[in-house]
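Trainee: FYI, in the numbering used here the residues of the sequence shown are 601 to 1154. Okay, handing you the structure first.
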Amino acid sequence: MILISPGFYVLILVVFLAYKLLLCPGRPSHLTGDWQDSQVVLHWYTSSRAHTYQVYYRSNQNATVKWKSIPNLHLNTCSLTIVNGIAYDIYVVAQNSYGLSFSSVVLNGRSRVSPPTNLNVSANSGDNTVFLHWTPVVNCKGYIIERRAYSLSKSTFSIIKKLNDPSYKTFEDNTAFFGIKYYYVVISLDEAGESSCSNEATMYLRAPAPKNVAVRLNNDKTDTISLQWMLVPKVEGYIIKRATGSPNSAYFSIGILYDSSATNFDDSSFKFGVTYYYTVTSIDKAGDADESPAVSIFISLDEAGESSCSNEATMYLRAPAPKNVAVRLNNDKTDTISLQWMLVPKVEGYIIKRATGSPNSAYFSIGILYDSSATNFDDSSFKFGVTYYYTVTSIDKAGDADESPAVSICPRSYAPTNIVIIYEQTNNLVALQWKPVVNGNGYIVKRAAGSLNDPFFIIDKINDPAITTSKDISFIFGTKYYYVVASFDELGESNQSDSVSVVCPRAPAPADPRCSYTENADNCIVLQWKPVLNSKGYFVKRAHITNSSGVMGR
């Protein structure tokens, strides 16, 4: 057994250290990192005898993660792409032809996502929705929207929305109240949490003025002037002001409504024969907001002591046009064009107008419905093959109001139905009858002989839609015929009806036969009889006294 003294191991270690120190490169020193958005830029001092460098790195979230390397770096700097928010361990080793140096000191650190930039806010006039816009951050996981309201004690920001999609660059805040000044910031998210805040953006929304303010003498309480307006969302209430005699006179408050749902006010403190001007002002969190335009009313007494109004509301509400007007040929009543539309609330009725041929032609009234619940109208006074244009006009208290856009239809004539066919033996004819197509121009009757595969030919054209019968006398006895009927309009024929057929009977025997003998050079017997119409010809036979007979001519 060979024993190795401890000095031998010391010698080996000394040789290894000498090899490393004298031949291999020196250890890289002063390793630093500039941690930026999604990357780190590394710098270190150059090592003596070093030809190249290798950078080793790993995320330190898990100690079992393997080291990755970037080999053959010729400079003492390097840029690594990393994930924001995750901590990394990094070290550098120098290399030459003799081997590797000792590793540098391990560098620890992480990059953080940048905050959004160019945050700005906007809002539409009269709307409580605040629109946020910012430049998106490429290497983030999402955003947090924070808001604070102005107060003397400077309230803190609170989260109003978390967006888990980095592609967002806009957000709509519809929870804002009128009359409050709001401050907004946006924060980016990475693996480690939140970035710093974006620039601060400010929005101060004031409540819009009430719209469609109308004034009238109350029909139920003639000693009361009633005001009405459209609801303004998210207000605290309304202030009603009045001026006397002129719109430029001083306005005084005659009522304050701390009711966000209020849309009307009654004024009973007026005198007849005086013109009054009214405005309605919205109240928001900051107080008086925007004021409506003035509306006016003049009330006088007639000789009987009854009150009357003039200049009733400078803002004059008229009924809107019906929407979704549709026109079709009625499937249940094929001789009727049906119009339908959406109900317009609080109207007196509707006027239906029609133009022929072009939407620019003159429109004429074809119906007036004094029924506020009506939503349809049937027109039966039309012709097939003609294009018609329809409008529907609302009727309000003042008369004709707004008119709908025109809708058009060109109804086509259809095939007659219920075809009936009979053979009238006494009159020796084929008779057809069918159900009328009222709004057509007439009918075309066609016939085929033998089978349905044979061609059909026109045998009758009727230019009166009220005539629904046709008679065929041009047939041949013993033949089967097929008949179809089509209607026609201004544009041509309709489809053909279902076919009907009839087998004409065999030709009857000629009537009133007579014979005579002529004593002349021919010495012949002459036969005569009444003609049989619709037959193809005649057989002439002769018999001797013996009662035997034979055909002697055809």
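Glycine is no exception: its CB is placed at the ideal position from the N, C-alpha and C atoms. The structure presented is a predicted model; accordingly, all values stated were derived computationally and were not measured.
1) Beta carbon of N684, beta carbon of S638: below 8 Å?
2) In whole angstroms, give me the CA-to-CA distance for S1070 and Q1033.
3) Are the beta-carbon atoms of V992 and V925 separated by less than 8 Å?
4) Do you know how far the Cα of D1054 is from the Cα of T1084?
5) For D727, which option in A687, W734, P833, E794 has the closest C-alpha, if you only look at C-alpha atoms?
6) Can you find at least 3 beta carbon pairs, one from the stretch 997-1015 and one from the stretch 968-977, that sit closer than 8 Å?
7) Specify the secondary structure class of I670 as computed by DSSP and reduced to three states.
8) Can you tell which of N676, K762, H651 has its C-alpha closest to the C-alpha of Y645?
9) If you scan the stretch 738-790 from start to end, which runs of the beta strand (DSSP E) of 3 or more residues do you find wholly inside it?
10) Which of the three DSSP states, helix, strand or coil, is assigned to I612?
11) Going residue by residue through the stretch 863-887, where are the continuous beta strand (DSSP E) segments of at least 3 residues, counting only ones entirely within it?
12) Taking the alpha carbon of I780 as the point to measure from, which residue in S703, N1095, G967, T729 has its own alpha carbon closest?
13) Pick from T652, I682, R649: whose alpha carbon is nearest that of D634?
14) Rounded to the nearest angstrom, what separates V693 and V706 at their Cα positions?
15) I believe R658 touches Y688 by the beta-carbon criterion, under 8 Å. Please report the beta-carbon distance rounded to the nearest angstrom.
16) Out of curiosity, what's the CA-to-CA distance linking N1039 and F982?
17) Residues bridged to S826 by DSSP?
18) Going along the chain, which residues of its own chain have a beta-carbon closer than 7 Å to the beta-carbon of L1029, five neighbours each way excluded?
19) So for R649, helix, strand or coil by DSSP?
20) Whose C-alpha, out of A889, F1088, V1102, is nearest the C-alpha of S1051?
21) Are C624 and L700 close, meaning C-beta to C-beta below 8 Å?
22) Beta-carbon separation of T875 and G845 under 8 Å?
23) When the Cα of V786 is compared with those of I686, T735, S704, which residue comes out closest?
24) Give every residue of the same chain whose Cβ lies closer than 7 Å to the Cβ of I1019, excluding the five residues on either side of it in the sequence, and list them in chain order.
25) Given a cut-off of 8 Å, decide if V1126 and P1110 are closer than it, judged by their beta-carbon atoms.
26) If the criterion is Cβ atoms closer than 8 Å, does the pair Y1081 and R1047 meet it?
27) One question on the structure: do I937 and V947 come within less than 8 Å of each other, judged by their Cβ atoms?
28) Within the continuous beta strand (DSSP E) that includes K1035, where are the two ends?
29) Helix, strand or coil for S910 per DSSP?
30) For S722, is the classification buried or exposed, using 16 other Cβ atoms within 10 angstroms of its Cβ as the cut-off for buried?
31) Taking N696 as part of the beta strand (DSSP E), name the residues at either end of that continuous run.
32) What beta strand (DSSP E) runs, 3 residues minimum, are completely inside the stretch 1047-1111?
33) Note down the Cα distance separating T1068 from R1142, rounded to an integer number of angstroms.
34) Tell me which same chain residues have a C-beta within less than 7 Å of the C-beta of P715, skipping the five on either side of it?
35) Given a cut-off of 8 Å, decide if V737 and L680 are closer than it, judged by their beta-carbon atoms.
36) What does the alpha-carbon distance come out to for the pair V1037 and P1011?
Mentor: The relevant details are as follows:
1) Yes; because the gap between Cβ atoms is below 8 Å, this pair is in contact.
2) If you take the alpha carbons of S1070 and Q1033, they lie about 7 Å apart.
3) Yes, these two residues count as a Cβ contact at 8 Å.
4) Note on residue identity: the sequence assigns Val, not Thr, to residue 1084. If you take the alpha carbons of V1084 and D1054, they lie about 13 Å apart.
5) P833
6) no
7) strand
8) N676
9) Whole beta strand (DSSP E) segments, 3+ residues: 742-749, 758-763, 770-773, 781-790.
10) helix
11) 864-867, 875-884
12) T729
13) I682
14) 11 Å
15) 7 Å
16) 6 Å
17) R816, D866
18) K1071, D1072, I1073
19) coil
20) V1102
21) yes
22) Closer than 8 Å, so yes.
23) T735
24) L1032, W1034, V1085, S1097, D1098, V1100
25) no
26) yes
27) no
28) Per DSSP, K1035 lies in no beta strand (DSSP E) and is assigned neither H nor E.
29) The predicted position of S910 is uncertain, since its pLDDT is 31 and thus under 50; no value can be drawn from it.
30) exposed
31) Here the beta strand (DSSP E) through N696 covers 688-696.
32) 1057-1062, 1069-1072, 1080-1089, 1100-1103
33) 48 Å
34) If we look at P715 and ignore the five residues flanking it on each side, its Cβ neighbours are I787, S788, S795, S796, C797, S798.
35) no
36) Rounded to whole angstroms, V1037 to P1011 spans 12 Å at the Cα level.
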